[in-house]
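Heads up: the sequence shown begins at 301 in the numbering used here, then just goes up one per residue.
Backbone N, C-alpha and C define an ideal beta-carbon position, used for all residues, glycine too.
Encoded as structure tokens, the structure appears first; notes follow it.
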Amino acid sequence: MIIGIISDTHDRIPFIIKAVEKLNAEKVDLVLHCGDYCAPFAVAPFKNLTAKMIGVYGNNDAEKELLRNAFLSIGKEVKGSFTKLDINGFKIAMLHGENEDLLDAIIECGFFNLVVYGHTHKVDISEVRKTLVVNPGEICGYLTGESSLALFNIEGKSVNIIKL
């Protein structure tokens, strides 16, 4: 199973379109969005995403109810500020990550095999004990000048960062 991990799209429609095209080309099975969509109009390009998508809110997502409804209308879902998934016993935590103490506690608790987050706009792949930690960077490219996403192979437990 291949999981696409994205974050910090920040209304940047052309970059969202590129990300969706790449995720479709890679035939990912699931996409995790770590938040900061920003406005509901930025949901439209995700309609073309063929994989299931689950997201969480970020600190710049003010219109939460409108975002949730926009995603529901295209068959995607936003689960609040935190969600956890269990894929055949592989436990994943997803949050935006603006609260560093909370992020650290989730990583350090040792319950999750994978913790995915955004917020910093910087790529991070690290391991804390047996927990793999992934920040895919930013789709929008505003802070780093680079648009990136991550592909995670759940069977091989490998992560690749893709520059768009």
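The three-state secondary structure of D308, taken from DSSP, is coil.
By a beta-carbon distance limit of 8 Å, L323 does not contact G335. Their separation comes to about 17 Å.
Residue range I313 to A325 is occupied by the alpha helix (DSSP H) that includes P314, with no beta strand (DSSP E) assigned at that position. Fewer than three beta-carbon pairs drawn from the region 426-434 and the region 313-320 are found closer than 8 Å, and the two stretches are therefore not classed as touching. H421 has its alpha-carbon roughly 12 Å from the corresponding atom of G358. Around the C-beta of K376, 16 or more other C-beta atoms lie within 10 Å, and the residue is accordingly described as buried. Here N460 is bridged, per DSSP, to L451. Less than 7 Å divides the Cβ of T383 from the Cβ of V356.
Within the model, the alpha-carbon separation for E398 versus H419 is close to 6 Å. Here DSSP, grouped into helix, strand and coil, assigns A344 to helix.
Taking C-beta separations shorter than 6 Å and ignoring five residues to either side along the sequence, the partners of I425 in its chain run V434 and V459, following chain order.
Contact between I374 and H333 is ruled out by a C-beta separation of about 13 Å, above the 8 Å threshold. With a threshold of 16 other beta carbon atoms within 10 Å, P340 meets it and is buried.
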